[in-house]
Amino acid sequence: MNRRDFLSGLASATATMACGSRVLAQPKQQKAPLARPPFYWGVGIENCWMAQTDPARDDNRRLLDVFLQMQHYEKWKPDLDLAAEVGVNSIRYSVPWYKAEPKPGVYDWSWIDGPIEY
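Residue numbers for the sequence shown, in the working numbering: 253 to 370.
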């Protein structure tokens, strides 16, 4: 026996003892591919509201409400349906606080309940 055959046999015997014969005898098993987590395509519907003073009259305040200007209060169902049609499955929705608390300490969640339950 020459030196090369001896070292090759010694390396094989050492690997067999260290790793076990089953590891060397079996082909490597492939792992199953990981399941892809669900994709959430989210959008935000933000309402900007502010009361502005009229420079001509300090006591005259006008309402700037984006939901009101865009008719979202009347058309929220078709708006949400259109979002769903293009694949949106997660929406960050704004609560118009002046509607949720029309008077200090008086709360009315009736408007926002509709879009949340829809």
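By construction, the Cβ of each residue, glycine as well, lies at the ideal position given by its N, Cα and C atoms.
Remark: fewer than three beta-carbon pairs, one from each stretch, lie closer than 8 Å, so the stretch 321-333 and the stretch 286-296 are not flagged as touching. At least 7 Å separates the beta-carbon of Pro289 from that of Phe319. Counted as a single uninterrupted DSSP element, the alpha helix (DSSP H) harbouring Gly366 occupies residues 362-369.
Remark: C-beta atoms of Leu332 and Tyr359 do not approach each other more closely than 7 Å. For the pair Val340 and His324, the Cα-to-Cα distance works out to about 18 Å.
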